[in-house]
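These notes are about the structure you will find just below.
In the UniProt record's numbering, the protein residues as written are 1 to 369.
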């Protein structure tokens, strides 16, 4: 199984599984920006050796100032962490709810964090007919009947790439419960500044907004994320956090990343074009592709395809291409896959190999008749 540790992007396991070198694999199972990391990172990394003998700034002052400037908030309302995953776990421990809710399908870390907190988890199953967003009837039932203290949601959702309508998010916030909004992939949206829930923080004391720098700046090996909330929550969260959670290299790269305005603009405009192109090409292969506002897409195998998503993952892996078996997400079955969006040359290879595997499967199915 490629998702041995619950996530995509595990090149070590994939290399062992498919008998290839890691550098030979084309990874569509993790959702990193193929235009990154930004070139400005190189000089910082080359000079970093001189900082290894010193502890990182425990207060992360330069980093928090840079984040505060980016979002026009006070540094006291920000906590940085070792990737968004640490902050997801941290905020659930801090809120310590009796009952929490997640939408299906969604990022597995939400329910894992809830389980570790020994909290009851309520699942709200979304439907593809609704673009994998909950209905208002479902939200009303959740708030009035289930009465969780906490709701966690991806904004946009992972693995679907769907963005919850603002009126639904406002309904959850107006209900007075804790709401954790994971904006790990919102950076990729052309209208990020208009859509972000960060602007809602002054009005909602129980709102927490999580951001990841891993995906947009293509730095998963470094690990860096941050969370914004009311200052009183941030103060308490820092008391729970492990000291020196963010190393000095991550702090330096984070500051530099937030200065890369042209890189950010280039990424957003490239993605808008490539998303549309790749979606159209996949539909020509008879896959059902669901609308996505970010740098990955959920697709469903053709009705006539006899392969499961796990079998397709295995066949593509043997050809050096890693895809995500989305049937592993609670709420989806074995006909779904998730694909990252990469640069055109890589996408053309993906399509070529996918076309070959699907055609070969059709021939084998016909021979069985």
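Cβ coordinates follow ideal geometry from the N, Cα and C atoms, glycine included. These numbers were taken from a predicted model, which means no experiment stands behind them.
Which residues in the same chain as residue i place their Cβ atom closer than 7 Å to its Cβ, once the five residues preceding and following it in sequence are excluded?
i           : result
residue 154 : 106, 107, 182
residue 117 : 92, 93, 96
residue 222 : 249, 250, 253
residue 164 : 133, 153, 155
residue 204 : 173
residue 60  : 80, 246, 251
residue 326 : 159, 298, 309, 332, 336, 337, 338
residue 334 : 308, 309, 310, 327
residue 278 : 341, 347
residue 24  : 320
Can you list, in chain order, the residues of its chain with a C-beta nearer than 6 Å to that of residue i? Leave out the 5 residues immediately preceding and following it.
i           : result
residue 88  : 109, 113
residue 82  : 223, 245
residue 192 : 186
residue 138 : 124
residue 342 : 34
residue 268 : 190
residue 71  : 198
residue 22  : 11, 15
residue 171 : 139
Going by other Cβ atoms of all chains shown within 10 Å of its Cβ, with 16 needed for buried, is residue i buried or exposed?
i           : result
residue 186 : buried
residue 323 : buried
residue 240 : exposed
residue 86  : buried
residue 196 : buried
residue 47  : exposed
residue 123 : exposed
residue 38  : buried
residue 32  : buried
residue 9   : buried
residue 260 : buried
residue 235 : exposed
residue 45  : exposed
For a test of the three-state rule: what should DSSP assign to residue i, helix, strand or coil?
i           : result
residue 10  : coil
residue 219 : coil
residue 48  : helix
residue 118 : coil
residue 242 : coil
residue 299 : strand
residue 335 : coil
residue 227 : strand
residue 179 : strand
residue 80  : strand
residue 323 : coil
residue 330 : coil
residue 123 : strand
residue 286 : coil
residue 377 : Nothing about residue 377 can be read from this structure; the chain reaches only from 1 to 369.
Going by the CB atoms, is the gap between residue j and residue i shorter than 8 Å?
i           : j           : result
residue 226 : residue 95  : no
residue 299 : residue 287 : yes
residue 228 : residue 180 : no
residue 206 : residue 176 : yes
residue 190 : residue 281 : no
residue 258 : residue 66  : yes
residue 346 : residue 35  : no
residue 256 : residue 41  : yes
residue 244 : residue 56  : yes
residue 184 : residue 143 : no
residue 13  : residue 230 : no
residue 212 : residue 84  : yes
residue 296 : residue 339 : yes
residue 294 : residue 161 : yes
residue 102 : residue 119 : no
residue 301 : residue 357 : no
residue 344 : residue 265 : no
residue 75  : residue 64  : yes
residue 330 : residue 169 : no
residue 290 : residue 128 : yes
residue 208 : residue 188 : no
residue 200 : residue 148 : no
residue 305 : residue 361 : yes
residue 28  : residue 317 : no
Leaving aside the five residues before and after residue i along the sequence, list all residues of the same chain whose C-beta is less than 8 Å from its C-beta, in chain order.
i           : result
residue 54  : 248
residue 58  : 243, 244
residue 214 : 32, 83, 84, 184, 220, 222, 223, 224, 225
residue 370 : This structure cannot settle anything about residue 370, because the visible part of the chain is limited to 1 through 369.
residue 115 : 121
Is there a C-beta anywhere in chain B that falls below 8 Å from the one on residue i?
i          : result
residue 12 : The question asks about chain B, but that chain is absent: this structure has only one protein chain.
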